[in-house]
Structures are given as C-alpha cells and as structure tokens.
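Just so we're aligned, residue 3 is where the sequence shown starts under this note's numbering, counting upward by one. Don't be surprised by glycine CBs; every beta carbon is placed ideally from N, CA and C. All of these numbers come straight from a predicted model, not from anything done at the bench. Let me begin by presenting the structure, written as structure tokens, before commenting on it.
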Amino acid sequence: NTLADLEQSKMISIENDMDVGPLNLGMIASYYYIKYTTIELFASSLTASTKLKGIVEILCAATEYDSLPLRQHEESTLQQLAKHLPQKIEKTNYTDPHVKANVLLQSHFSRSPLPPEMSADKALVLLDAIRLIQAIVDVISSSGWLTPALAAMELSQMVVQAVWDRDSVLMQLPHFTKDTIQRCQQAGVENIFDLMELEDDKRADLLKMTPSEVIDVARVCNKYPNIDLSFEVVNADSITANSPVVITIQLERDADSPEPGPVSAPHYPKEKDEGWWLVIGDPKKNQLTCIKRVTVQRKQ
C-alpha cells in the first residue's frame, strides 16, 4: 500500500502500526512538491564522488520527466542534437523522455537552436529543473558531501543563464558572442567588474556594439550584485577538539548594488529571483559542515 511504499522509500516512519512521522527525504519531497520516487532516486544515485555529468543524468531521470511529450518525427532531430553535446549520453534510446530531457538541457547550455515544439518542451524541462536541483542540493547536503553540492549549485546557475560551467561569466551579458568574449579576454577583461571599470571609449571599442546594445549591457551590469563576506570564529583561541564552534558570518551587498530582485535571464522561460547559498565546508575532505539559503540585503 501507499504507506508501506513511503516507508520503504525512507520518506516516513511508522511506529506501532499507528504513528506516522516524516523523515528527512519525505520533508524534502514535500517542500519542493516532488514525487517520492524522484527523491528516492536522488538518494540512491548520488554519491560523494558524483560529478556534474552524473548530476545532469540523475536530474533528467526524475519521475517528473516521465510525461515529457514525444513526437514521431523527433527521434532523428534528437539524435542529431546529441552528436554535438559535450556530455555524451550513455543510453541512446531517443524515444525515452528522460533522454530527451538530457538532450534539451544540454542544448540549452549550448544555446543550440531548436524547432518550436522542442523549444516549448525545453521550457517545461527548465521550469522543473530548478526545484529538482534544489532538492538534489538538500539530499547531498544531508550526507555532508561538499564537492557534489557545489556542482549542483553550479548546475542551477547553468540552467538559469544557459551556459556551461566552463563558459566565461561574460556570456551572461546580452549581445555577447564568443568573438566579443575573445576580444575581452585578450584585453584582460575576465569578468563583469573588469568590464565596468573600463573607460567608456575603450569599452565601446572592445564591444563593437550599437548604442542600444551597449545600453542593454549597461543595464544588466548595473544590476549585477557585488557581495561582501566577512566572518569571525567566536572564541577562536579556546577551541578544543570535538567541541562546538560558533562562526559569525556577515554578508552585505555593496552600497551601489541594487536591492535583491529578478536576475537578467533572457534564456530562462520565466522571471527568476536572485538567490544565494551560504556554505561552510572543507574542500580537502569533501566535507560540508553547514549550508543555508539566504537573501543578501544592501548596506544601509
């Protein structure tokens, strides 16, 4: 029955055949409105050594994508798209909705053009992807694994901005092409703050854009958050082994940064608010000690 299935999937606990209580995985599924079979899949598939490619595959295997539309003429199109994907798909059944989800997701990161019907399907994949990835982060964090948690957070940004993890951060800006970014890199401009610090005439010569396009770029740059982080270990001189440690952390937006709000994400199918994860961990031990989703306010 349903309760037995939920208990077997470690979503709930049942004591004395009467008392039903939620377990961690069940609370994650409930919080993100995700099917319990998906959370069970995440918990059984994710490991301390799962890399980005593995997280993409696990994400696309979610039960939520079972109903992704499949059309008769799409198999050859998906096969052609898959030939150019950076992450090769092991299972090549192009009539499987989960394979289609993987192809569409990677095509999104590559900004590959798609037929109209597939573009609509991609929007469905993306809209489910964010909450599924947030659930993946929570499942990984419950096991205390730092490296895969950071990879999942990176994947969340990739979904919103339609970029690969290896792409330049400048790809988040409107009208930027690979040629534009190559010119920027040759001029020593590696990030958005470098671009903002250039003199107007040098920036115009570098971008080679129309005045209206430059205005679009400036609008996004001016909204880009600049976050200051400071921390202090309380009573650092008196810490002993196996004793609790208290860390005071302060996050502030630069005074010139705008208040939190929707980010510039023209390739994402709906408005997306800014969000941050605060993470404490040890990269050498792949150990995640603490994680919290936060909103960072502007300095007063």
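The beta-carbon separation of I249 and V298, rounded to 17 Å, does not stay under the 8 Å limit for a contact.
For the pair S11 and E42, the CB atoms are nearer than the 8 Å cut-off.
For S245, there is no enclosing alpha helix (DSSP H), as DSSP gives it neither H nor E.
For R168, there is no enclosing beta strand (DSSP E), as DSSP gives it neither H nor E. Assignment of beta-bridge partners to E254 by DSSP yields D230. A Cβ-Cβ separation of about 11 Å leaves S109 out of contact with L128 under the 8 Å criterion. Residue environment for Q81: exposed (fewer than 16 other C-beta atoms within 10 angstroms of its C-beta).
When the alpha-carbon of S46 is set against those of I60, K55 and K53, the nearest one is in I60. Scanning its chain for C-beta atoms nearer than 8 Å, with the 5 sequence neighbours on each side dropped, one finds around V139 the residues A151, A154, M155, S158, W279 and I293, in chain order. Note: I249 is bridge-paired with V235 in the DSSP secondary-structure output.
Judged by beta-carbon spacing, P99 lies within the 8 Å limit of L72, meaning their Cβ atoms are closer than that value.
Shown here, V22 sits in a strand according to DSSP, grouped into three states.
Taking 8 Å as the cut-off, the Cβ atoms of D239 and P176 do not count as close. The beta-carbon separation of K102 and L70, rounded to 6 Å, stays under the 8 Å limit for a contact. Contact between T4 and T40 does not hold, since the beta-carbon distance rounds to 16 Å and is not under 8 Å. The DSSP assignment places 118-144 and 148-163 as complete runs of the alpha helix (DSSP H) inside the region 111-177, in order along the chain (cut-off: 4 residues). Counting along the chain, D284 sits inside the beta strand (DSSP E) bounded by residues W278 to D284. Beta-bridge pairing by DSSP links I217 to no other residue.
In the DSSP assignment, S15 falls within the unbroken beta strand (DSSP E) covering I14 to E17. For R73, no beta strand (DSSP E) encloses it, and the DSSP letter there is neither H nor E.
In the DSSP assignment, I57 falls within the alpha helix (DSSP H) that extends over L54 to C62. DSSP places K272 in the coil class of the three-state scheme, outside both helix and strand. The three-state reading of DSSP puts L87 in coil, since its state is none of H, G, I, E or B. The alpha-carbon of H269 is positioned some 27 Å away from that of V281.
Comparing alpha carbon positions, the residue from H75, E76 and L106 closest to K90 is L106.
DSSP places T291 in the uninterrupted beta strand (DSSP E) bounded by Q289 to V296. Between F233 and I251, the alpha-carbon positions lie close to 4 Å from each other. DSSP places E9 in the uninterrupted alpha helix (DSSP H) bounded by T4 to Q10. Taking the Cα of A50 as reference, the smallest distance to any Cα among I183, A267, I142 and V162 is reached at I142.
A Cβ-Cβ distance of about 6 Å is found for the pair L208 and A189, placing them in contact under the 8 Å criterion.
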